[in-house]
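Before any comments, here is the structure.
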Amino acid sequence: QIWLKPSGSRFVFALRSRRLACPRHGRVDSETGCSVPDLMIAGPSVPLRCWRRICTRSPRTVVAAAAAHRRFPPPVQVPPTWWQLAHHAAVVSAVLGTVMLAPAHLPPVSLVVVMFLYSDAYSAVLHCALDREEALGLPRWTGLGKTAEGFQVHHDHPMASTRGVGLYRLFCDTVKIQWVTGALALATASWTLLTAQVLLLKWLCCAYGTQLGHYWSHVPAGGRPAVVRWLQAAHLLLPPEHHVQGHHKPPHNKHFGIVSGLSNYFINPFLRDAPFAAVFAVLVFLTIFDVALIVRVFSMQAWGV
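For what it's worth, the UniProt record's numbering labels the leading residue of the sequence shown as 1, then goes sequentially.
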């Protein structure tokens, strides 16, 4: 099935299932940014005559138009591993252990708020850099070229790369990145409780938060729990309309933040036409030094400097 959402005088389509739908039978939904002058909207199955009444082209023709825009094949299913499960268990244990056994070591609310807001801005810089064509040519040893391909595959296969693989698999995709950022934090920041707090919050907000916010932004309203819909309405999780209508429409040059989307309102002007080299340089700098810089700022605050 191809689902379309109105966008001015044109419509945005998305491939979903084999069933057809009609605008009179369901809520508008959209998943990609390719425009075609047809109209199909998410909803229950309806007869083919309804399709013919609302569309100027046949389903087969629209499917062919969709395929013509794709550059990458669908993502390959990769099973999770035991060491990824062990990492998740260690992170959960660290959080629950601190809450239950050492509440005095919980981070201050101000640090939690800063890390939550920073995580969305960091995800925007990362997303902007890896969405560029130049990112596909990054050296193989960095692993960033493969990661960039994963980001760009998502534009061609938004559902297959989110709901198709599942939230746990998406969490597993962040484990190696968490190890790299952890090693960089240990190399650049002091080995203190504050550093551990900042690093753990970075993992929770940047790694898990990015996948969580982005995943739920691609789930139809009927499949989202009430608490998720409330968090999205409050902009504490990435709202679907903000992401799909803002980023998944060509030329895909805005709304890069995918944790909550809050940073997009002020970071869009800087990222929209920024050169790849500049965005990538900022990404590298933040990846290496962000934990150390945040620790330094909050250490100065603690000493009243």
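Beta carbons are placed, not taken as given, at the ideal position from N, Cα and C, and that holds for glycine.
For clarity, every value in this text was computed on a predicted model and none was experimentally measured.
Quick check on residue i: buried or exposed, where buried means 16 or more other Cβ atoms within 10 Å of its Cβ?
i	result
Phe171	buried
Thr174	buried
Pro158	buried
Tyr265	exposed
Trp203	buried
Val244	buried
Lys249	buried
Ile294	buried
Ala185	buried
Met100	exposed
Leu126	buried
When you compare only the Cα positions, how much space is there between residue i and residue j?
i	j	result
residue 317	Gly166	Outside the displayed range of the chain (1 to 305) lies residue 317, so it cannot be described from this structure.
Gln301	Val78	45 Å
Ala94	Pro220	33 Å
Ala233	Ala121	19 Å
Asp29	Ala274	Confidence in Asp29 is poor, its pLDDT being 35 and thus under 50, which makes the residue's placement unreliable; the coordinate value appears in the next sentence. Taking the straight line from one Cα to the other gives about 30 Å.
Ala104	Leu194	12 Å
Lys254	Leu144	21 Å
Leu231	Lys176	28 Å
Ser7	Ala207	Low per-residue confidence applies at Ser7: pLDDT is 38, beneath 50, and the placement is therefore not dependable, though the value from the model is reported in the following sentence. For Ser7 and Ala207, the distance between alpha carbons rounds to 32 Å.
Cys128	Ala89	31 Å
His87	Val228	25 Å
Determine, using beta carbons only, whether residue i and residue j come nearer to each other than 8 Å.
i	j	result
Pro269	Gln197	no
Leu111	Leu201	yes
residue 308	Leu238	Summary: the structure shown does not reach residue 308, with the chain confined to residues 1 through 305, and so no result is reported for it.
Thr287	Thr181	yes
Leu262	His235	yes
Leu136	Ala124	no
Gln152	Phe72	yes
Arg132	Phe276	yes
Ala189	Ala292	yes
His242	Phe256	no
Thr142	His218	no
Ser119	Gly209	yes
His155	His252	yes
> Which runs of the alpha helix (DSSP H) fall wholly inside the stretch 60-121 and span at least 4 residues, in chain order?
Replying inline: 82-101
>> Please give me, in chain order, every unbroken run of the alpha helix (DSSP H) with length at least 4 that falls completely inside the UniProt domain "Lipid desaturase" (117-268).
In response: 144-156, 167-172, 175-188, 193-202, 209-217, 226-233, 240-247
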